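**Q** Residue numbers (the numbering used here), protein chains in the order written: chain G, 1 to 187; chain C, 1 to 283. Note that the Cβ used here is the ideal one computed from N, Cα and C, for glycine as well. Quick caveat, the model's predicted, so the values are computed rather than measured.
1) Which residue from C:80, C:211, C:192 and C:99 puts its Cα closest to that of residue 183 (chain C)?
2) List the residues of chain C that residue 40 (chain G) touches, going by C-beta distances under 9 Å, in chain order.
3) When DSSP builds the beta bridges, which residues end up paired with residue 90 (chain C)?
4) Let me check understanding here. Comparing Cα to Cα, which of G:50, G:33, G:55 and G:2 lies closest to residue 27 (chain G)?
5) Run through chain G and tell me which residues come within less than 7 Å of residue 89 (chain C), C-beta to C-beta.
6) What residues in the segment 59–87 of chain C bring their beta carbon closer than 9 Å to a beta carbon of chain G?
7) Given a limit of 7 Å on CB to CB distance, which residues of the segment 41–69 of chain G reach chain C?
8) Does DSSP put residue 83 (chain C) in a helix, a strand or coil?
9) Which residues in chain G have a C-beta closer than 7 Å to the C-beta of residue 217 (chain C)? List them in chain order.
10) What residues from the segment 3–36 of chain G come within 8 Å of chain C, judged by C-beta to C-beta, listed N to C?
11) Is the beta carbon of residue 178 (chain G) closer than 8 Å to that of residue 131 (chain G)?
12) If you reduce the DSSP assignment to three classes, tell me which class residue 110 (chain C) lands in.
13) Quick check on residue 195 (chain C) - is its C-beta less than 8 Å from some C-beta in chain G?
14) Please identify the residue among C:263, C:235, C:241 and C:115 whose C-alpha is closest to the C-alpha of residue 251 (chain C).
15) Give a yes or no on whether the minimum CB-CB distance between residue 107 (chain C) and chain G is below 8 Å.
16) Does the distance between the C-beta of residue 171 (chain C) and the nearest non-hydrogen atom of the ligand MN fall short of 7 Å?
17) Can you name the residues of chain G whose CB is closer than 7 Å to the CB of residue 32 (chain C)?
18) Are there three or more Cβ pairs, one per stretch, closer than 8 Å when the segment 23–30 of chain C is compared with the segment 49–59 of chain C?
19) Specify, as a first and last residue, the run of the alpha helix (DSSP H) that residue 240 (chain C) falls within.
20) Specify whether the segment 81–90 of chain G and the segment 20–35 of chain G touch according to this definition: at least 3 beta carbon pairs, one from each stretch, less than 8 Å apart.
21) Would you verify that the beta carbon of residue 126 (chain C) is, or is not, closer than 8 Å to some beta carbon of chain G?
22) How close, in whole Å, do the beta carbons of residue 161 (chain G) and residue 174 (chain G) come, if the pair is a contact with beta carbons under 8 Å?
23) Let me check one thing: in DSSP terms, what residues is residue 85 (chain G) bridge-paired to?
24) At which residue ranges does the segment 29–70 of chain G contain complete beta strand (DSSP E) runs of 3 or more residues, listed in the order of the chain?
25) What residues from chain G crowd round residue 158 (chain C), counting only those whose CB sits closer than 7 Å?
26) Starting from residue 169 (chain C), find everything on chain G with Cβ-Cβ shorter than 9 Å and list it in chain order.
27) So which residues of chain G does residue 220 (chain C) contact, with C-beta pairs closer than 7 Å?
28) Who are residue 112 (chain G)'s beta bridge partners in DSSP?
29) Is residue 10 (chain C) helix, strand or coil by DSSP?
30) Using a Cβ distance threshold of 8 Å, determine whether the segment 94–108 of chain G contacts the segment 34–42 of chain G, with at least three qualifying pairs required.
31) For the alpha helix (DSSP H) containing residue 258 (chain C), list its first residue and its last residue.
32) Closest Cβ-Cβ distance between residue 166 (chain C) and chain G: below 8 Å?
33) Mapping DSSP to helix, strand and coil, what is residue 163 (chain G)?
34) Would the beta-carbon of residue 23 (chain G) fall within 8 Å of that of residue 12 (chain G)?
35) Could you give the residue range of the beta strand (DSSP E) that holds residue 189 (chain C)?
36) Nearest-angstrom Cα distance between residue 240 (chain C) and residue 247 (chain C)?
Shown next, in the form of structure tokens:
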């Protein structure tokens, strides 16, 4: 894999850091008046999701990480792994629970997600910003309630619990924002 | 408007405004500051190499040695090989010198200038050593290069350094600078002697200071060296580093050293990046 010098650093560049693939979130060049230039860089570790901060002498270089983000279709869960397919190549990929992380809460079969591959192995998945989920359990609401007067917890078909308006009943389909875990309307 | 405020600030204090040449015959020796060279008079058959000044320091010190008294200058300066969102090949500089001021008196006055420009947030002063104790947990004045390398390596930072000052600066940029945002107007003073530049050294610390506004370096000041011998020694140190790094070498500015046959009066001086200073004022 190619090496990248500090002058090529930019947001989104994928590099190897301490053995893990990382993505540059912020790259700040600091040149002390009387000193050499440095790059103060914030990274996101693509495996652990943690943020790291490192400072490099300008001129240092790091190995690039072979990371690809592909749109894939979620197929099914066999109890151990979650299976996805690249609709272009029909290649299938299995993700374990660690790689799935919070995405488990929002995956509906046939939905399209972004799967991140490192050296062609899946390391994480990002669900769409909005997904349609079905309410499987919630307290019955009072007739005549309207949106905006508070809410109640509702369990979705994926198992995640979302605050919904009082008028939502079991069996209804609702739109959920996966970034905030918030109710975003009736589907 | 803000430039007028700066001028008024100095005129009110009887500091004389001066203008010195931007084209000079000797480039600066600082290992990490590169001069921009220009060729002149080629058409006259008398080609000569001149350099755009990287700061008006040397020319202003010639005036001080001749007895100018307190002086200030607002000018553009030029540096090669600058890159980044806050670094440019040309930028504005306010440089000034105060006779009989020690470093602390000058810091106080720079703080008053920042306040006069409309930034009324509190001014704090912290020694370089205190900043390292507080934010890095090491005694920077007592720690040698090998120990610093081990410390840097244990934090996943480069330990490939020949000179301790370069590693001190990496640790400062990585650990200390981001924390200085908590102190919007912050002076850092008494640098390790290896970072003395042209400041007087006493009891193993250099009487040098920097001003940070919201964590960004804006000014650099010294309690100034006075004798030609001291300047010759410091210039030579920079040339030695240039040689080791295979960077362009230049002759010492013998004319300047000769001009210091009458040494500089006891004084302190500071260079302030105008864009960085005023950027913070406009927020």
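**A** Checking against the coordinates, here is how it stands:
1) C:211
2) 173, 174, 177 and 178
3) C:78
4) G:55
5) What residue 89 (chain C) touches in chain G: nothing, since even the nearest Cβ is about 12 Å away.
6) 81, 82, 83, 84, 85, 86 and 87
7) 54, 55, 56, 57 and 60
8) coil
9) 32 and 33
10) 7, 17, 18, 28, 29, 30, 31, 32, 33, 34, 35 and 36
11) yes
12) helix
13) yes
14) C:235
15) no
16) With respect to the ligand MN, the structure shown offers nothing to examine, as it has no ligands at all.
17) 34, 35 and 36
18) yes
19) 228–244
20) no
21) no
22) Actually they do not touch by this definition, with Cβ atoms about 12 Å apart.
23) G:73 and G:92
24) 38–45, 51–57 and 61–63
25) 56, 57 and 60
26) 32, 34, 35, 36 and 38
27) 33 and 34
28) G:73
29) helix
30) no
31) 254–259
32) yes
33) strand
34) yes
35) 185–192
36) 10 Å
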